[in-house]
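Asks: First residue of the sequence shown? That's 188 in the working numbering, and the numbers climb one at a time after it. For each residue, glycine too, the CB sits at the ideal point set by N, CA and C.
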Amino acid sequence: MATNLIIKCNLPLSLVENPAFREFMKECYPKWQPISTKKLKSDIISSFKTRIHKIICDTLEIVNDLTLTIDAWSHRRGRSFLGITCHFIDNKMVPQAFLIDFVRMKSPHTSDNIQRLTENVLDRFNVKAKVFRIITDNASSMIKAYRFGLAVDG
Numbered sequence: 188m189a190t191n192l193i194i195k196c197n198l199p200l201s202l203v204e205n206p207a208f209r210e211f212m213k214e215c216y217p218k219w220q221p222i223s224t225k226k227l228k229s230d231i232i233s234s235f236k237t238r239i240h241k242i243i244c245d246t247l248e249i250v251n252d253l254t255l256t257i258d259a260w261s262h263r264r265g266r267s268f269l270g271i272t273c274h275f276i277d278n279k280m281v282p283q284a285f286l287i288d289f290v291r292m293k294s295p296h297t298s299d300n301i302q303r304l305t306e307n308v309l310d311r312f313n314v315k316a317k318v319f320r321i322i323t324d325n326a327s328s329m330i331k332a333y334r335f336g337l338a339v340d341g
């Protein structure tokens, strides 16, 4: 209840810790349990991730062929990431692209680890069998990871 109010009215998340707001909520709904700003942020992010995942899955469900662009890079502090974007033409013949994941990639950055991370993401979206092409840079680990494509069951 409070979460919807805060989001829809564009109120600060810290409002949930304001004593006057807590008093108001208890008056309106005696069973309301106060939450922290940290918990509210966590709930909002979790809800957002779930909704976005569903939107992407629903969209990709009707797509027959996907092209992936995959790129790995390192942050200044040495953390590495793998970005996976899928591209397709929708039923109105309009090119579409979704960043389907941006995952932390721990060392070593081997072709096996890159391929495993990619396959885990594609399995989560149930699209591995729909991948037509994979586009990467010329990094040797990327070329080796996808030289023979993805391991497709069936």
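#1: Identify whether Ile249 lies in helix, strand or coil by the three-state DSSP scheme.
#2: Let me make sure I understand the geometry here. Which of Tyr333, Gln283 and Lys331 has the alpha-carbon closest to that of Thr246?
#3: Mind the definition here: the segment 310-320 touches the segment 248-260 only if three or more C-beta pairs lie below 8 Å; say whether that holds.
#4: Please name the residue in Gly265, Asp310, Leu286 and Asn278 whose C-alpha comes closest to that of Pro295.
#5: Going by DSSP, which residues form a beta bridge with His274?
#6: Going by C-alpha to C-alpha distance, which of Phe275, Ser201, Leu227 and Asn325 sits closest to Ser298?
#7: What separation, rounded to the nearest whole angstrom, lies between the Cα atoms of Ser261 and Val290?
#8: With DSSP as the reference, label Arg303 as helix, strand or coil.
#9: Just confirm the distance between the C-beta atoms of Val308 and Ile287, as a whole number of angstroms; I'd bet it's less than 8 Å.
#10: How far does the beta strand (DSSP E) with Phe319 in it extend, from its first residue to its last?
#11: Please list the terminal residues of the continuous alpha helix (DSSP H) segment that includes Lys213.
#12: Which residues bound the alpha helix (DSSP H) around Thr190?
Replies: Concretely, from the data shown:
#1: Indexing the sequence shown from 1 puts residue 249 at position 62. Coil.
#2: Numbered from its first residue, the sequence shown carries residue 246 at position 59. Nearest C-alpha to Thr246: Gln283.
#3: Three or more beta-carbon pairs separated by less than 8 Å link the segment 310-320 to the segment 248-260, which places the two stretches in contact.
#4: Walking along the sequence shown from the start, residue 295 turns up at place 108. Of the candidates Gly265, Asp310, Leu286 and Asn278, the one whose C-alpha sits nearest the C-alpha of Pro295 is Gly265.
#5: To locate residue 274, count along the sequence shown from 1; it is residue 87. Per the DSSP secondary-structure output, His274 pairs in a beta bridge with Thr254 and Ala284.
#6: Within the sequence shown, residue 298 is the residue found at index 111, counting from 1. With distances taken between Cα atoms, Ser298 lies closest to Asn325.
#7: Reading the sequence shown from its first residue, position 74 is the one you call residue 261. Reading the sequence shown from its first residue, position 103 is the one you call residue 290. A straight line joining the alpha-carbon of Ser261 with that of Val290 spans about 12 Å.
#8: Indexing the sequence shown from 1 puts residue 303 at position 116. In the three-state scheme derived from DSSP, where H, G and I count as helix and E and B as strand, Arg303 is classed as helix.
#9: The sequence position of residue 308 within the sequence shown is 121, counting from 1. The sequence position of residue 287 within the sequence shown is 100, counting from 1. In this structure, Val308 and Ile287 form a Cβ contact; the two beta carbons are roughly 6 Å apart against a cut-off of 8 Å.
#10: As a working note, residue 319 is residue 132 in the sequence shown. It spans Val318 to Ile322 - the beta strand (DSSP E) in which Phe319 sits, taken as one unbroken run.
#11: By one-based count along the sequence shown, residue 213 stands at place 26. Here the alpha helix (DSSP H) through Lys213 covers Pro206 to Cys215.
#12: In the sequence shown, the residue the question calls residue 190 occupies position 3. In this chain, the alpha helix (DSSP H) harbouring Thr190 covers Ala189 to Lys195.
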